[in-house]
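If you read the sequence shown in the numbering used here, its first letter stands for residue 114, the second for the next number, and so on. Data block below; observations after.
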Amino acid sequence: MPDTVSGIGKIMSEYLSPGVYVEEFDSGPMPIEGVSTSITGFIGLAERGPVGGLPVPVSCFGEFRTIFGYYLPENQFGPYCYLAYAVEHYFANGGSRCYISRVVPEDAKMASCILEGGQMRLTAKAPGAWGNKLSVSFKPSAPDKFDITIRSMDIYMEEVISAVSFNPDDSDYIANKLTKSKLVSIEVNTCDTKAPSCLSPAGVGAGEFYSVTLSEGSDGSVDAVNAKVFTGKCQEFGKRTGLQAFLDNKDVSIIAIPGITDVEVQKDLIAHCDKLGNRFAVLDLPQGKNSVADVQSHREIFNSPNAAFYHPWIEISDPLMKRSIFVPPSGAVAGIYSRTDDERGVHKAPANEVVRGCTGVEYMYSQEEQDRINPGGINLIRVFPGMGIRVWGARTCSSDSVWKYVNVRRLFIFLEESIRQSITWAIFEQNNQILWARMTITIGNFLTSAWRSGMLAGVIPDEAFFIKADKSTMTSDDIDNGRFICLIGVAVAKPAEFITFTIVQKTGTNDIK
114 MPDTVSGIGK
124 IMSEYLSPGV
134 YVEEFDSGPM
144 PIEGVSTSIT
154 GFIGLAERGP
164 VGGLPVPVSC
174 FGEFRTIFGY
184 YLPENQFGPY
194 CYLAYAVEHY
204 FANGGSRCYI
214 SRVVPEDAKM
224 ASCILEGGQM
234 RLTAKAPGAW
244 GNKLSVSFKP
254 SAPDKFDITI
264 RSMDIYMEEV
274 ISAVSFNPDD
284 SDYIANKLTK
294 SKLVSIEVNT
304 CDTKAPSCLS
314 PAGVGAGEFY
324 SVTLSEGSDG
334 SVDAVNAKVF
344 TGKCQEFGKR
354 TGLQAFLDNK
364 DVSIIAIPGI
374 TDVEVQKDLI
384 AHCDKLGNRF
394 AVLDLPQGKN
404 SVADVQSHRE
414 IFNSPNAAFY
424 HPWIEISDPL
434 MKRSIFVPPS
444 GAVAGIYSRT
454 DDERGVHKAP
464 ANEVVRGCTG
474 VEYMYSQEEQ
484 DRINPGGINL
494 IRVFPGMGIR
504 VWGARTCSSD
514 SVWKYVNVRR
524 LFIFLEESIR
534 QSITWAIFEQ
544 NNQILWARMT
554 ITIGNFLTSA
564 WRSGMLAGVI
574 PDEAFFIKAD
584 KSTMTSDDID
594 NGRFICLIGV
604 AVAKPAEFIT
614 FTIVQKTGTN
624 DIK
């Protein structure tokens, strides 16, 4: 290896023998990579699955069912049964990927059992009656060792953990090996290093099984569901619940709590998006509240550029009850957001798009009713003969006309997050003209690419954006205190919400010129 010596601006190699040498170093602007805007976070009740900790990624509805179970019956879970339906229609409408934060009623319990002898308790990994269908079998496999098989009897899920020991000094100690299980956890009395009496030679012979079934798991009651269940607990990293769990997630840019129209929950969800500044809430209005006065009354409680309301609820064929039911539209709409982002770009309004997988709507709004509702920032789902069922609005619930449109706000989120995440290289660089020029070129290249993709208005780049990073944006005090300040302005293309044609009767010649 050649020695190195200090050169001008970088470390130079000192070559000691003739030859051809190649050196690589960074030069010029650093590219900015656009962030994803199509990933959604969902919060709600589910049949099974982890509660608390990092939200769980799901790439298809089949994967959701494997982890979180089937649809919840409305007669048991009431207005809290809609998570599975929302996720299904999210993927049906083009959703790419999502994260799930499961919540449970405050009185939900985990299933468990104590083996004979009392020194070992097996407990389901998460609360719910699903744990009552877990069986755990032990089979002798070697001297003082057992193979453990854990089965979920309602769906095909099986875990086999081989050569388990009850000796804490053994590398195969049961408490250590069961940490890998996704179904059960274990508590062991470490004062007793022998197998429970039920697994002794007198209790189970060579080649025989000893099996137990967990019990006393409970889904809890709807009376024990309140706003705090969905808002969650803000604990240390990896232990947060509900909405708070998404503080530890950097991928999600769309978020919804399907069917939950409680004002306090929706306020908390909007506050979450406002605080982070990189997330957008898709909100439902209360089912059955379809009059113009009702929807306006609920909508007027909120004012934020980072949220949008959709109504009415959509009709689907329920695979569980084998009949038509109405479900909240937020899951399907989030899927349309994702689909539009992937197919057209985040700058395209997620409107005039077909809602897939639904057969109708709870209430058929007229044009006259929408004329009264639309200015208030409520996006209706309309049925049009020959066009299907479509999202027919693209407004946020902001009173600020600058942030009137969903796609405008989400485009700014995209631009801001892309720039923020890609310029960390500049931290602790010399705050001088070299950095200012380099940053201007880097951001300029990114915005030029955005303009060419149709995200920005203007015939030429100079009409689409400007960037200033010089002594006009930073004072000597800013520089002395380590502050680099860059001013960026962009011109966004607004959606053509109202298309007007003026048609006049032509007189005289029929020639068209």
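We treat Cβ as the ideally placed atom computed from N, Cα and C, and that holds for glycine.
Taking a 10 Å sphere around the C-beta of Val135, we find fewer than 16 other C-beta atoms and assign the residue as exposed.
Contact between the stretch 285-301 and the stretch 250-263 is present: 3 or more CB-CB pairs across the two stretches fall below 8 angstroms.
Glu300: member of the beta strand (DSSP E) spanning Val297 to Val301, first to last residue.
Straight through space, the alpha carbons of Leu569 and Glu576 are spaced by roughly 9 angstroms. A direct Cα-to-Cα measurement between Ile299 and Cys226 gives close to 10 angstroms. The stretch 239-263 contains, as complete beta strand (DSSP E) runs of 3+ residues, the segments 247-255 (chain order). The alpha-carbon of Ser328 is positioned some 5 angstroms away from that of Asn245.
Judged by DSSP secondary structure, His385 falls outside any beta strand (DSSP E) and instead within the alpha helix (DSSP H) spanning Val376 to Leu389. In this structure, His202 is the residue among Phe439, His202 and Ile502 with its C-alpha nearest to the C-alpha of Ser451.
Taking the Cα of Arg495 as reference, the smallest distance to any Cα among Gly448, Ile536, Ser151 and Pro442 is reached at Pro442.
Of Lys461, Gly191, Cys471 and Met270, the smallest CA-CA separation from Asp336 is found for Gly191. Listed as beta-bridge partners of Ser324 by DSSP are Ser250.
As DSSP reads the structure, His424 sits in a beta bridge with Leu493. The continuous beta strand (DSSP E) containing Ile156 extends over residues Thr153 to Leu158. Ranking Arg522, Lys461 and Phe597 by CA distance to the CA of Pro608 puts Lys461 first. Between the stretch 340-354 and the stretch 232-252 there are fewer than three C-beta pairs closer than 8 angstroms, too few to call the two in contact.
Shortest Cα-Cα distance from Lys517 to any of Phe578, Met500, Thr374 and Gly489 involves Gly489.
Met223 is a Cβ neighbour of Ala237, given a cutoff of 7 angstroms. Pairing Arg264 with Glu272, the inter-Cα distance amounts to about 7 angstroms. The way I'd put it, the stretch 360-373 does touch the stretch 390-405; three or more beta-carbon pairs between them come closer than 8 angstroms. Around Ala445, the same chain offers His202, Asn206 and Val468 as residues with beta carbons nearer than 6 angstroms, after the five sequence neighbours per side are excluded. Taking C-beta atoms under 8 angstroms as the contact rule, Ala420 and Cys386 qualify, at a distance of about 6 angstroms. For Cys211 and Thr537, the gap between their C-alpha atoms comes out near 27 angstroms. In this structure, DSSP gives Thr236 an extended state, which the three-state scheme calls strand. Membership of Val342 in the alpha helix (DSSP H) is indicated by the continuous run Ala340 to Thr344. In this structure, Pro170 and Gly333 do not form a Cβ contact; the two beta carbons are roughly 26 angstroms apart against a cut-off of 8 angstroms. By the neighbour-count criterion, in which 16 or more other beta carbons inside 10 Å mark a residue as buried, Met477 falls on the exposed side. Comparing C-alpha distances from Val459 to each of Ser366, Asp593, Lys402 and Asn544 shows the shortest one belongs to Ser366.
Taking 7 angstroms as the cut-off, the Cβ atoms of Asp364 and Thr150 do not count as close. Assignment of Lys293 by DSSP, reduced to helix, strand and coil, places it in the helix class.
Sequence-distant partners of Ser512 (beyond 5 residues in either direction) whose C-beta falls short of 7 angstroms from its own C-beta, in its chain, are Asn416.
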